[in-house]
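A.B. asks: So the sequence shown is numbered by the UniProt record's numbering: it starts at 1 and just counts up by one.
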Amino acid sequence: MTGSLDVNKLLEFIQDKKENFEGSLLNEASNVKEKIEEILTVGNIDLINNAHKLVQYIIKGEQQELESFAKQEGIAWASHEIPLTLKLEWVQAIRRTLWKFLQAYNEERDKNLTEEFFSIEKQVNNQVDHFLNGLFLTYSQYKDSLIRAQKELVENLSVPIIPITSTISVLPLIGEVDLHRMHVLEEKVLVEIERLRIHSLILDLSGIMKMEPEVIAHLMRIIDGTSLMGCETVITGLRPEVVKNMINVGIRLNEEVPTLGTLQQALSKYIVN
Numbered sequence: 001m002t003g004s005l006d007v008n009k010l011l012e013f014i015q016d017k018k019e020n021f022e023g024s025l026l027n028e029a030s031n032v033k034e035k036i037e038e039i040l041t042v043g044n045i046d047l048i049n050n051a052h053k054l055v056q057y058i059i060k061g062e063q064q065e066l067e068s069f070a071k072q073e074g075i076a077w078a079s080h081e082i083p084l085t086l087k088l089e090w091v092q093a094i095r096r097t098l099w100k101f102l103q104a105y106n107e108e109r110d111k112n113l114t115e116e117f118f119s120i121e122k123q124v125n126n127q128v129d130h131f132l133n134g135l136f137l138t139y140s141q142y143k144d145s146l147i148r149a150q151k152e153l154v155e156n157l158s159v160p161i162i163p164i165t166s167t168i169s170v171l172p173l174i175g176e177v178d179l180h181r182m183h184v185l186e187e188k189v190l191v192e193i194e195r196l197r198i199h200s201l202i203l204d205l206s207g208i209m210k211m212e213p214e215v216i217a218h219l220m221r222i223i224d225g226t227s228l229m230g231c232e233t234v235i236t237g238l239r240p241e242v243v244k245n246m247i248n249v250g251i252r253l254n255e256e257v258p259t260l261g262t263l264q265q266a267l268s269k270y271i272v273n
């Protein structure tokens with residue numbers, strides 16, 4: 001912070017009145033006040049201590065530290081289920097409280113408000129806005145990366161290819177299967193056949209109650225694709241409802257695709273024997 005304002009003396013002034021500063025801050029952020037302990041417990045985020053850090057970076061004009069702190073805070077808040085509106089209220093409370101203490105510091109020294117002092121207010125506001133922009137940007141980017149990672153995890157769990165031997169794997173499908181899941185299935189199955197050198201893939205459909213015609217057709221194309229890669233696909237556990245649906249829309253399995261009633265039968269045939 002430029003100008004004739006003595007930065008160190010201002011920080012000493014705030015430190016000497018630390019309890020008043022914190023009390024004023026909590027009064028300015030009434031909603032956050034009730035969540036202080038919860039936020040500390042859930043996210044290990046010490047709002048009071050962090051407020052003092054932010055004030056120090058702002059007053060000293062430590063731009064690099066301010067930017068780094070904004071990123072750190074953005075990641076911390078994105079990592080936990082804490083409403084971002086609380087953070088916004090808290091930072092705005094810090095802005096208002098800091099300005100109050102700047103005025104008090106000026107008045108205690110019997111100085112009149114000058115153009116230079118208003119310039120300091122502008123600098124403070126710019127620094128706070130810069131911190132908020134950095135925090136929100138990091139929060140958004142990190143949150144998006146978490147969502148992508150969670151989506152990828154869910155998709156991987158929805159296509160659980162389980163190696164049984166060095167050349168045989170089982171793929172049990174459970175729950176609802178739509179076209180999106182079929183596209184995920186197609187991509188992962190073809191990649192894993194090559195990576196794991198799968199010769200036989202046992203596709204167990206006993207956990208599937210219903211499949212739409214377009215989904216069944218896509219599944220047949222995936223099975224044809226595995227065949228082109230030299231992998232035999234064995235289907236087990238076809239439910240009557242799915243079979244009836246296939247018959248009604250005229251979808252037939254490739255005659256070269258083995259089908260067995262249960263996964264246990266397939267394991268007995270392809271592993272035990």
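Glycine included, each C-beta is placed from N, C-alpha and C at the ideal position.
Do L260 and T233 come within 7 angstroms of each other at the CB atom, strictly closer than that value?
C.D. replies: Taking the sequence shown and counting its residues from 1, one reaches residue 233 at position 233. Taking the sequence shown and counting its residues from 1, one reaches residue 260 at position 260. Cβ atoms of T233 and L260: not closer than 7 angstroms.
A.B. asks: Please name the residue in I58, L171, L137 whose C-alpha comes closest to that of A76.
C.D. replies: Against the sequence shown, residue 76 aligns to sequence position 76. Minimum Cα distance to A76 is reached at L137.
A.B. asks: Can you grab the Cα-Cα spacing for the pair K244 / K87, in whole Å?
C.D. replies: Position 244 of the sequence shown, counting from 1, holds the residue named residue 244. Position 87 of the sequence shown, counting from 1, holds the residue named residue 87. Answer to the nearest angstrom: the Cα atoms are 56 angstroms apart.
A.B. asks: In whole angstroms, what is the alpha-carbon distance linking H218 and L263?
C.D. replies: On the sequence shown, residue 218 is found 218 positions in, with the first residue counted as 1. On the sequence shown, residue 263 is found 263 positions in, with the first residue counted as 1. H218 and L263: Cα-Cα distance of roughly 22 angstroms.
A.B. asks: Which complete alpha helix (DSSP H) runs does the region 148 to 205 hold, if anything under 4 residues is left out?
C.D. replies: Those alpha helix (DSSP H) runs which fall completely within the region 148 to 205 and span 4+ residues are 179 to 196.
A.B. asks: For G207, which beta-bridge partners are listed by DSSP?
C.D. replies: The count along the sequence shown starts at 1 and reaches residue 207 at position 207. G207 is bridged to I174.
A.B. asks: What separation, rounded to the nearest whole angstrom, lies between the Cα atoms of V124 and I94?
C.D. replies: Counted from its first residue, the sequence shown places residue 124 at position 124. Counted from its first residue, the sequence shown places residue 94 at position 94. About 11 angstroms.
A.B. asks: Let me check understanding here. Comparing Cα to Cα, which of K60, I82, I193 lies closest to I39?
C.D. replies: By 1-based counting over the sequence shown, the position of residue 39 is 39. Ranking K60, I82, I193 by Cα distance to I39 puts I82 first.
A.B. asks: Output needed for E255: all residues of its chain with C-beta closer than 7 angstroms, excluding positions within five of it in sequence on either side, in chain order.
C.D. replies: As a working note, residue 255 is residue 255 in the sequence shown. The answer is none, since no qualifying residue turns up.
A.B. asks: Please state the DSSP three-state secondary structure of I235.
C.D. replies: As a position in the sequence shown, residue 235 is number 235, starting the count at 1. In this structure, I235 counts as strand in the three-state DSSP scheme.
A.B. asks: Per DSSP, what kind of secondary structure is T259 in: helix, strand or coil?
C.D. replies: Working through the sequence shown from its first residue, we reach residue 259 at position 259. Strand.
A.B. asks: Quick check on L52: does DSSP put it in helix, strand or coil?
C.D. replies: Translated into positions along the sequence shown, residue 52 becomes position 52. Checking the sequence, you will find His at residue 52 rather than Leu. It is helical.
A.B. asks: For the region 29 to 89, list the alpha helix (DSSP H) runs that are entirely contained and at least 4 residues long, ordered along the chain.
C.D. replies: Within the region 29 to 89, the complete alpha helix (DSSP H) runs of at least 4 residues are 30 to 33, 36 to 43, 47 to 60, 63 to 78.
A.B. asks: To the nearest angstrom, report how far apart G3 and I147 are at their CA atoms.
C.D. replies: Reading the sequence shown from its first residue, position 3 is the one you call residue 3. Reading the sequence shown from its first residue, position 147 is the one you call residue 147. Low confidence applies to G3: its pLDDT is 48, below 50, so where it sits in the model is not reliable, and the reading given next is rough at best. Their backbone Cα atoms lie some 45 angstroms apart in a straight line.
A.B. asks: Could you have a look at G230 and say whether DSSP puts it in helix, strand or coil?
C.D. replies: If you number the sequence shown from 1, residue 230 lands on position 230. G230: coil per DSSP, three-state reduction.
A.B. asks: When you compare only the Cα positions, how much space is there between N20 and L102?
C.D. replies: On the sequence shown, position 20 is the one that residue 20 refers to. On the sequence shown, position 102 is the one that residue 102 refers to. N20 and L102: Cα-Cα distance of roughly 13 angstroms.
A.B. asks: DSSP on E121, reduced to helix/strand/coil?
C.D. replies: For the purposes of this step, residue 121 is taken as residue 121 along the sequence shown, with counting starting at 1. The answer is helix: DSSP assigns E121 an H, G or I state.
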